[in-house]
Amino acid sequence: MKSINVRECLNLNLKLLTFCSVYPNDISSKPHINYIYRSYNAFTIFLLCFTSMGIPSWLIFTEYPLEEGIEVMSILITQFRCLSRFLTFVIHRNGIKNLISNLYNNFNVHGKTFNEEESCIIEQTITKCRKITKYYVGLFCCTGISMVLQPLTAKEEENFDEHFNSTTHFERPLPFKTYFPKWNISRSPQYEMEYVAHSYLALVESFGIGSIDSFCVTILMYISCQFDLLCISLKNIKKNALKNINNQISLDDTLNPKDIIEGSIIIQKYRSNSTVTDKTQDSAMTETEFTYIVKCIRHHQSML
Numbered sequence: 059m060k061s062i063n064v065r066e067c068l069n070l071n072l073k074l075l076t077f078c079s080v081y082p083n084d085i086s087s088k089p090h091i092n093y094i095y096r097s098y099n100a101f102t103i104f105l106l107c108f109t110s111m112g113i114p115s116w117l118i119f120t121e122y123p124l125e126e127g128i129e130v131m132s133i134l135i136t137q138f139r140c141l142s143r144f145l146t147f148v149i150h151r152n153g154i155k156n157l158i159s160n161l162y163n164n165f166n167v168h169g170k171t172f173n174e175e176e177s178c179i180i181e182q183t184i185t186k187c188r189k190i191t192k193y194y195v196g197l198f199c200c201t202g203i204s205m206v207l208q209p210l211t212a213k214e215e216e217n218f219d220e221h222f223n224s225t226t227h228f229e230r231p232l233p234f235k236t237y238f239p240k241w242n243i244s245r246s247p248q249y250e251m252e253y254v255a256h257s258y259l260a261l262v263e264s265f266g267i268g269s270i271d272s273f274c275v276t277i278l279m280y281i282s283c284q285f286d287l288l289c290i291s292l293k294n295i296k297k298n299a300l301k302n303i304n305n306q307i308s309l310d311d312t313l314n315p316k317d318i319i320e321g322s323i324i325i326q327k328y329r330s331n332s333t334v335t336d337k338t339q340d341s342a343m344t345e346t347e348f349t350y351i352v353k354c355i356r357h358h359q360s361m362l
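Sequential numbering of the sequence shown, starting at 59, is according to the working numbering.
Dropping the structure here:
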């Protein structure tokens, strides 16, 4: 038998959720630290909402070609999907907190020690979940970093002559498009300030989406792991029953032959007089075992 601290299974995911401002629990026992963290969360949600609000008004009040309209719609859908992920963790904070608590408790529903097969399944699942989390977050962070670095590597000289004689001012490249009345970003420090704001949003969105998506995938993998543990527990029901029967037989072997003969005579008389009662008891025992199995399965299904 092996003891495993199942509360370590979500350590990496919860740390990532802390950095992207959607950690469901209080991060400290000190109220002022929790207040600062909630302010950080509110600031992040405000920025995500602010970048999404200008797109619908631009679509309604601006004339644009079909190609540009399709591009703007794709940006709008992406922004709303990102915002919905963050808002889900804010609005359903208590539900996510209960989900994490139930996940921990269901690992230990049959005890805090596991046999070799069960511990192997849990350890393999923890390893796979951490790898997937790193891959998810790494992929999205690479996307965000590439968006931040792209304006720095763009060549402005190629387009400068084209826009030099234009009536509109020349716009230097930014990590992504925004649809608000903007400053003249062809000058400094307006461009640098807007570039920093865009870079921050790009990194927050990419890191946040990677952390949230990897957390959801990890939860599903741990639930499937607990179903595997349930299957093992159901298989052990038969093994334990056979073991109890064998123990009872070995206990009977220690009795005197005279006692065994007398007991067998009594049993035969009892069986001849209570055949109907035995059938009723067997039926009740079968029904009890079936009810136990159904309750066990429903308990694990309730996690979903």
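Ideal placement from N, C-alpha and C gives every residue a C-beta, glycine not left out.
Residue i versus residue j: straight-line alpha-carbon distance, rounded
i, j, result
"A255", "K170", "48 Å"
"V231", "I128", "According to the sequence displayed, residue 231 carries Pro and not Val. Approximately 20 Å between the Cα atoms of the pair."
"S190", "R245", "Looking at the sequence provided, one finds Ile at residue 190 rather than Ser. So the alpha carbons of these two residues sit roughly 43 Å apart."
"A260", "V130", "17 Å"
"T76", "E176", "30 Å"
"T226", "Q248", "Since pLDDT at T226 reaches only 46, below the 50 mark, its modelled position is unreliable, and no value is offered."
"I290", "Q284", "10 Å"
"N223", "S115", "Note on N223: pLDDT 44, under 50, position unreliable in the model; no value is reported."
"I180", "D286", "10 Å"
"D219", "Y280", "Reliability fails at D219, whose pLDDT of 45 lies under 50, so the model's placement of it is uncertain and no value is given."
"I149", "C274", "16 Å"
"L313", "L288", "With a pLDDT of 48 at L313, under the threshold of 50, the modelled position of this residue cannot be trusted, and the question is left open."
"T136", "N173", "46 Å"
"L161", "M111", "37 Å"
"K155", "T211", "43 Å"
"E126", "K235", "12 Å"
"C67", "P209", "39 Å"
"R139", "N163", "32 Å"
Close beta carbons around residue i, own chain, < 7 Å, minus the five adjacent residues each side
i, result
"S257", "V206 and P233"
Any chain C beta carbon closer than 8 Å to residue i
i, result
"I62", "The structure shown contains no chain C; it is built from a single protein chain."
Residues near residue i in its chain [Cβ-Cβ closer than 6 Å; skip 5 each side]
i, result
"M252", "Note on residue identity: the sequence assigns Glu, not Met, to residue 252. The residues are I243."
"N217", "Any answer about N217 is weak, because its pLDDT of 49 lies below 50 and its placement is not dependable; what the coordinates show is given next. So the list is empty, once near-sequence residues are dropped."
"Q182", "none"
Element boundaries [alpha helix (DSSP H), containing residue i]
i, result
"Y93", "P89 to F119"
"N163", "R151 to F165"
"C187", "E174 to T211"
"L68", "Unbroken run through L68: none, as it is neither H nor E."
C-beta atoms of residue i and residue j nearer than 8 Å
i, j, result
"F101", "I270", "no"
"R151", "P89", "no"
"I91", "I113", "no"
"L141", "I277", "no"
"V195", "S272", "yes"
"V262", "N166", "no"
"R143", "I267", "yes"
Chain-order list of residues whose beta-carbon lies under 8 Å from that of residue i (same chain, five-residue window excluded)
i, result
"L124", "none"
"I85", "T76, I91, N92 and Y95"
"L145", "I103"
| message | Between the region 191 to 200 and the region 96 to 108, can you find at least three pairs of beta-carbon atoms closer than 8 Å? | response | Taking a cut-off of 8 Å for Cβ pairs, the region 96 to 108 and the region 191 to 200 do not touch, as fewer than three such pairs fall below it.
| request: Kindly confirm or deny that the region 85 to 102 and the region 282 to 297 touch, where touching means at least three C-beta pairs closer than 8 Å. | output: Contact between the region 85 to 102 and the region 282 to 297 is absent, because fewer than three Cβ pairs lie under 8 Å.
| field | the region 114 to 129 touching the region 178 to 187, judged by at least three CB pairs closer than 8 Å | value | Contact fails between the region 114 to 129 and the region 178 to 187, because fewer than three Cβ pairs, one in each stretch, are under 8 Å apart.
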